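Notes to accompany the following structure.
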Amino acid sequence: MIRKKIKSKVNALVRNNITRETVKEKLSHAPGHVIYTGNKAQKAVSIDVFDYNDDYLDEETLARLEEYHKDTDEKTVTWININGLSDTVALTQIAERYKLHPLVMEDVANTSQRPKLDEYSDHLFIVFKMLYYDDQNQLNVEHISLILGKTYLICLQEYDGDVFDGVRERIRHAKGRVRSNGADYLTYAIMDAVIDHYFIIIEQLSNKIEELEDKIYTDNSQNYSQEIQILKKEVIQVRRSIFPLREVVNKLEKVENHLVLKKTQVFVRDLYDHTIQVIETVEVYRDTIAGLMDMNSTNIANRMNEVMKVLTIIATIFIPMTFLAGIYGMNFEHIPELAIKDGYYYFWGAMIVIFVASLVYFKRKKWL
Amino acid sequence: MIRKKIKSKVNALVRNNITRETVKEKLSHAPGHVIYTGNKAQKAVSIDVFDYNDDYLDEETLARLEEYHKDTDEKTVTWININGLSDTVALTQIAERYKLHPLVMEDVANTSQRPKLDEYSDHLFIVFKMLYYDDQNQLNVEHISLILGKTYLICLQEYDGDVFDGVRERIRHAKGRVRSNGADYLTYAIMDAVIDHYFIIIEQLSNKIEELEDKIYTDNSQNYSQEIQILKKEVIQVRRSIFPLREVVNKLEKVENHLVLKKTQVFVRDLYDHTIQVIETVEVYRDTIAGLMDMNSTNIANRMNEVMKVLTIIATIFIPMTFLAGIYGMNFEHIPELAIKDGYYYFWGAMIVIFVASLVYFKRKKWL
Amino acid sequence: MIRKKIKSKVNALVRNNITRETVKEKLSHAPGHVIYTGNKAQKAVSIDVFDYNDDYLDEETLARLEEYHKDTDEKTVTWININGLSDTVALTQIAERYKLHPLVMEDVANTSQRPKLDEYSDHLFIVFKMLYYDDQNQLNVEHISLILGKTYLICLQEYDGDVFDGVRERIRHAKGRVRSNGADYLTYAIMDAVIDHYFIIIEQLSNKIEELEDKIYTDNSQNYSQEIQILKKEVIQVRRSIFPLREVVNKLEKVENHLVLKKTQVFVRDLYDHTIQVIETVEVYRDTIAGLMDMNSTNIANRMNEVMKVLTIIATIFIPMTFLAGIYGMNFEHIPELAIKDGYYYFWGAMIVIFVASLVYFKRKKWL
Amino acid sequence: MIRKKIKSKVNALVRNNITRETVKEKLSHAPGHVIYTGNKAQKAVSIDVFDYNDDYLDEETLARLEEYHKDTDEKTVTWININGLSDTVALTQIAERYKLHPLVMEDVANTSQRPKLDEYSDHLFIVFKMLYYDDQNQLNVEHISLILGKTYLICLQEYDGDVFDGVRERIRHAKGRVRSNGADYLTYAIMDAVIDHYFIIIEQLSNKIEELEDKIYTDNSQNYSQEIQILKKEVIQVRRSIFPLREVVNKLEKVENHLVLKKTQVFVRDLYDHTIQVIETVEVYRDTIAGLMDMNSTNIANRMNEVMKVLTIIATIFIPMTFLAGIYGMNFEHIPELAIKDGYYYFWGAMIVIFVASLVYFKRKKWL
Amino acid sequence: MIRKKIKSKVNALVRNNITRETVKEKLSHAPGHVIYTGNKAQKAVSIDVFDYNDDYLDEETLARLEEYHKDTDEKTVTWININGLSDTVALTQIAERYKLHPLVMEDVANTSQRPKLDEYSDHLFIVFKMLYYDDQNQLNVEHISLILGKTYLICLQEYDGDVFDGVRERIRHAKGRVRSNGADYLTYAIMDAVIDHYFIIIEQLSNKIEELEDKIYTDNSQNYSQEIQILKKEVIQVRRSIFPLREVVNKLEKVENHLVLKKTQVFVRDLYDHTIQVIETVEVYRDTIAGLMDMNSTNIANRMNEVMKVLTIIATIFIPMTFLAGIYGMNFEHIPELAIKDGYYYFWGAMIVIFVASLVYFKRKKWL
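Set out below in structure tokens:
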């Protein structure tokens, strides 16, 4: 049963969201055709929009993409947040309304797209991954895309629920700098929330590693290689999500584009530091896990040693004694010792001497 | 039998298409001499030509290269697709007609040539590899060359059959952007089809790894090192084909040449992303396979442990008991215990005590 | 008991100061909000100020940050040294008074911030780590920040006590170049003291490695893998602190900024050399520790070999002899040897021959 | 005997042509002093000269370097090929005649010089290595130097015999482009011949690896670690020769110098591709050999497992049975079973039950 | 005893010349303060001076630094060679006389300073390491500094005795180019002598490796892990000295400074090649040593295999036979075989059959 669970968990991590059907479907279409490659079960698509500037705030929530008809204008920042990517027709409409490059929506819907930042003439396109542990404590990946225009930010998420409530609160109550800055600062705020959330993942990983480390250090009678391998896969998964993100944040900090202001880039530099910190911690975890593997193999070897010692001690003590007992069980017509008075007791005496001498020998060899 | 199959499979992967005869032949010729180094059995050579622009389409298929005499002109894009590289004379003629650099056709016919992009004054030369699993589920490599001129694209393939049917359909039915763009966009469309196909290979590799992982995790009584090694070799093979492709696509994106338009290069950037994604997945597979190897060795060590435990338990329990039985089989004239009434039953009692005590001991040591 | 200690030590090293509460707290605040993430027990905050130039010196110590009201002026260098980061309100006040960038104080209070150098228009911000062994001989990390302005240097430390007494002495007694140079030289002097202190850490690590090496080389009957793992973690910890410091020092040497004079940067180049030297030594330790692991596993394998040899020698000698004793214990009606006069002695002779022959055999195999 | 051969072979590979005498001799001389560091036994020095242009060809062979007095002139390309480097006096004379830099001839005669390309004002100096398997199937290295002037190419080889016969034929029969091009194209043609020859080495290595792989996969009862180590050393040797050659060819392609024409550099780019291909193949061999090592250790571990299983099965079955036989060999006055009619047959029945039950148990454990 | 020697040798290599006292002493002084960190036992300080140009030569030897009062002038090159660094007062005086940067003498006296090249306005400062094997065949490191001015070269060595006698001879007898070139060429000549000397170290390492390789390949009954570890440490030590030297030589070749002439840099390029060659050889040794480790562990595993086989063969043959002997030693009232005439001989026949059958079985399993 446990094996089964472990297995399915492992497979989930290996699969990497690529299924043959999706690939086949892609092969038969021209580049730029929008195909949703994620979990088809996620049907619901919802949309919520913030429109704000220093003095003004408007919040709206819609159940269907088509209902959204608001125009963005120069004076306010519009944050269009879309949950669910399965409605590819609506996505294509949005792409047309905002005059996005044909390849953008393909990457938005392609949930196996790796994190990247693409610079187009009048918009920036950012893809990254959100990590979270689900109810079964399995690590899951959510595909998130940001499209940053001059006065708007479109945020597209695979599932409902996100970690942007802090940002929303700050917009609603005009806390911090978000209301007085442009869409570029909002982009920063959203990415900051995501990267801050990585620290929670990191912390949960840390707990798991610690727990396993505890087990390995205290109860070395088990083989933990399966647990270690699974943990290693989770670390690799996190690494895969965060590594290209470094590149993205770095590009965002360096990009020379009217869409991102210099003063926002100072904040992005801080984001970059956090990304590096997550990466370094993950690297330390990789080292730690390699250490656990070493520990585990040494434990196995050591256990075998212990088993061997018990066998050797018992065999080494009793085999010669059994031989001697065999000697006096022989039926030779004349065995003088057998006729000795109290010979039996002398025999036992010899046995005890052998027994004690062996113990002393093993004591000296530090086997006992 | 299985060994035999495994062996030949492995050798096929190692051989890498270099045979001494081919090398010797090459040594005795000047550079630029066209020698076909591939599978000589592939005799048939066929050619099909698309000639199109926005309003016009002409499709032609020929059995022999010499039959092709169409001229390319400025107003249409001509896609000349050649299957089979064994007719080196015809290849040389084509090279002359299109004024290709002398080394181009040598590399077209040299099936062990690694992926590359060479820039000449009036044509680009691209070499890459197509991967596919054949009927025996063995990974095979097809050598494909593209020669991109101002108004033509020559595509040379080692074998019949390809993954470009999607592209052909789009040309025939004027779907997507291909008809309204030049030969550079066609180049992109063809490479996109190849790289999309890599995802199928990746997915099949993923299935194989998953299957083997399943086996290793559930039935750890086998040694899977041969299977792991073979899988590792396949991953290395894919890696070898895709790694230099990254360089090729990167050059194509960056190349400053009148043959490739800026607007096409935006699409090539997307291609580059896909290449990186394949490479990253392959790297994860390498890690996974390294993990499987670790699992496998730990399993072997663990199995030995288990074997040792059984031996040690049996020996540790019965060796002392056998000694005691030997004691009362001795022929000393006076052994008081032998005369005790019910001594035999007391002896059995002692045996059972030893037996149970040993079991308790092993239980505590967690060997049972 | 020992296990327990080892465990807690290990966990401490793994934890890396990130706790879920802190992360959660951060998630709900805007970037730039100052939250102290370190050990909350460190309540006391104190401040000491040096104000000096070539001819003038003023030293002041205050128990609370608010009490400090001195202005910095152009003619003197002011070194403001703050111990304890828990008073985030006071930190924010300082940030305001010195017109620091909003993110600076967040990083000052965030004790898990990795070493970095940020360049702002009128101040440089440097973060690094101080390492020390505490009373329980555990490796600890102190978070130190430097803010270098034109005429002032603010130094913020997590705990009381530092390694800057040498610098203070030199200021008080006008030794060396510190009094006749600006705040940039003071920055250099402080970082030099910290990096010199790393050599003490390095030396203590060296002693620990040497000690463990000694044990492994002389008493190979133990399994030292836990000790090795712990040492490895300490080395990783030091590496984590010093590696980004290289980057910081390098930036400081290269920075083109009116705050740092060229003649000071010549000194910083020397600092860089020292940093490299620490890093190289740490790398050698990593190699050494890898060597110890190899030694340890070989020792375990070798020990098993020895155990096996004893078992094999005893079993190989006595099992055949026991068989022969069994032979003459059989109850066949007619066993001619049993009736031979002195047969029992001949039997013993045969036993001794077997025994000696076995010993000679093992001697030749070099098992004895 | 086999060991001896293996040993000497290994040492030959390790020695790397550095002997203390040679080093000592070098230490006592000024830089630029020409000392032959190769095999002193190679005494004979011969020289052959090709003088050609499009219309003209002159071929000459001399036994001693001093006999050569021909002048190079602007109108023809002169290829001076020298076999044997032991006549250091003659080498110095050549250096003087062609006004070579003092260090050039030192490197020509220093057979342990690594591949490199040095650019002087009026000549290019190229050093590389030729690999070949000798009669004892040992990998040998020949030191080859090229000195490229405006109208001449001096080629200096350590031993007689080379792979340039193809080039000579092409010059003699005016095949290919060599006669109509300058000394730079000749340089390319010679290096091309050498790099093409590497493919033969690669192919022989491939055969050896395949053979060993065969053995390891089919007969896993042997320890192949020595064979693997020797193969690994050969691969390292090839790697050492080819790796710096990449750098040389790359420099030759990029060099901006009147000695090398742009149109020749297009060919050199192709050479570079071949070098990369050799390097990549060698890297794959390294991976393959690492895989063989893994296979070999797993085989050893697995073999031990098998040995253990046999022991455990035999011991586990017979030890309890021996104990029971011992029970009924005891001399207790009253053992009821002994008096049972057909008790002996019941005993045998019990033995068979134990035997079969054990077999079933092991079958289930998959040990049989 | 051997252990003790090995240990002390290892520690010596680990210690790396850093002692706590020295570090503490440094901590309490300002940067630039000259502290000798080497072996305090080396008390004697001597100085010898060469003053030369094309036509003139003056050689002088002094026992104390203070005695040297010669002025350097424009027309001659002055080589001031100082042996012994313990007289820090004299070093400071020299620094003042030649107007050296304050940090230079600190690094001269700091024997743990890593190799580097620092460029100051009117002098170059070069630090590197000289390696030698002492009488106890231990690898030692000597700290050497060069200070190159316009007309002088100051060479500071830790101990008496060096490898510069060849250079001195060439100056005395006006051999080679040294007399007709400036101080920059002398610098080159001295570094060339040092790097040539590395080849002797390399050759001795090669011999040691060869010797150990011999032992491991021929006598695989020993555990050589300690010897391998020590050799590995020596290789690491050489690597640590030579690796940064590459950087130094590279800088010297590239430096744009009036102190180093272009024509001298051509020679330095050659030096660079030699450095690379040493580094590559050391890298090969690292690989070789890794191979030896693998061999050693495989040998240990293999030895255990052999031990196991002997045990298994003996046990597998005799345990069933002992059981059968036990059978006929039972006291059942009715055991029909016992009464069979010649039953005893039939029994022996059965024993021989079992024995031979077992041998055949093991022969087939290739255990014999």
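Residue numbers (the numbering used here), protein chains in the order written: chain F, 78 to 445; chain A, 78 to 445; chain Z, 78 to 445; chain S, 78 to 445; chain E, 78 to 445.
Glycine is no exception: its CB is placed at the ideal position from the N, C-alpha and C atoms.
Owing to the predicted nature of the structure, the values given are computational and were not obtained by experimental measurement.
Indicate whether at least one CB of chain A lies closer than 7 Å to the CB of residue i.
i: Ala89(F); result: For Ala89(F), the pLDDT reaches just 43, beneath the cut-off of 50, and the residue's location in the model is therefore unreliable, leaving the point undetermined.
Which residue from the options puts its Cα closest to that of residue i?
i: Lys152(S); options: Leu139(S), Asp132(S), Gln354(S); result: Asp132(S)
i: Ser189(Z); options: Val122(Z), Gly115(Z), Arg245(Z), Thr228(Z); result: Gly115(Z)
i: Asp128(F); options: Tyr113(F), Lys206(F), Ile248(F); result: Ile248(F)
i: Lys176(E); options: Gly226(E), Gln342(E), Ile366(E); result: Gly226(E)
i: Glu304(Z); options: Leu369(F), Arg346(F), Asp350(F); result: Leu369(F)
So with Cβ pairs under 7 Å, would you call residue i a contact of chain F?
i: Gln354(A); result: yes
i: Gln306(Z); result: yes
i: Ala416(A); result: no
i: Lys86(Z); result: Legend: pLDDT at Lys86(Z) = 43, less than 50; position of this residue unreliable, value from coordinates given subsequently. So, not an interface residue.
Taking residue i as the query, report the chain E residues whose CB atoms sit under 7 Å from its CB, ordered along the chain.
i: Asp211(Z); result: Per Cβ cutoff of 7 Å: no residues; Asp211(Z) is ~18 Å from chain E at best.
Taking C-beta pairs closer than 7 Å, name the residues in chain F that residue i reaches, listed in chain order.
i: His220(Z); result: Under the 7 Å cutoff, chain F gives no residues; its nearest Cβ is about 13 Å from His220(Z).
i: Ile412(A); result: Tyr421
i: Asn327(A); result: Per Cβ cutoff of 7 Å: no residues; Asn327(A) is ~14 Å from chain F at best.
Distance cutoff 7 Å, beta carbons only. Does residue i sit that close to anything in chain S?
i: Arg247(E); result: yes
i: Ser302(A); result: yes
i: His335(E); result: no
i: Met372(E); result: yes
For residue i, go through chain E and note every residue whose CB falls closer than 8 Å to its CB, in chain order.
i: Leu223(S); result: Within chain E, no residue comes near Leu223(S); the closest Cβ sits about 16 Å away, beyond 8 Å.
i: Arg191(S); result: Asp350, Ile353, Gln354, Glu357
Measure the beta-carbon distance from residue i to residue j and round it to whole angstroms, keeping in mind my assumption that it falls under 8 Å.
i: Ile390(S); j: Phe439(S); result: 6 Å
i: Leu388(Z); j: Leu436(F); result: Actually they are not in contact, since the Cβ atoms of Leu388(Z) and Leu436(F) sit about 16 Å apart, beyond 8 Å.
Output yes if chain Z places a C-beta closer than 7 Å to the C-beta of residue i; else output no.
i: Arg80(E); result: Low per-residue confidence applies at Arg80(E): pLDDT is 43, beneath 50, and the placement is therefore not dependable enough to give any value.
i: Lys252(F); result: yes
Checking contacts by CB at 7 Å: is residue i closer than that to chain E?
i: Ile267(Z); result: no
i: Gly115(S); result: no
i: Leu388(S); result: yes
Which residues in chain Z sit within 7 Å of residue i, going by Cβ to Cβ distance?
i: Phe395(E); result: Ile396, Pro397, Phe400
Is any heavy atom of the ligand PLP found at a distance shorter than 6 Å from the C-beta of residue i?
i: Leu177(F); result: In the structure on display, the ligand PLP does not appear, and there are no ligands present to speak of.
For residue i, return the contacting residues in chain S, with the cut-off set at a CB-CB distance below 8 Å.
i: Met385(A); result: Met385, Thr389
Contiguous alpha helix (DSSP H) assignments of at least 4 residues, all confined to the region 250–299 of chain F: 260–295
- request: For the region 369–395 of chain S, list the alpha helix (DSSP H) runs that are entirely contained and at least 4 residues long, ordered along the chain.
  value: none
message: Report the start-end ranges of each beta strand (DSSP E) in the region 119–201 of chain F that is 3 residues or longer and not cut off at the edges.
response: 123–129, 134–139, 154–160, 193–196
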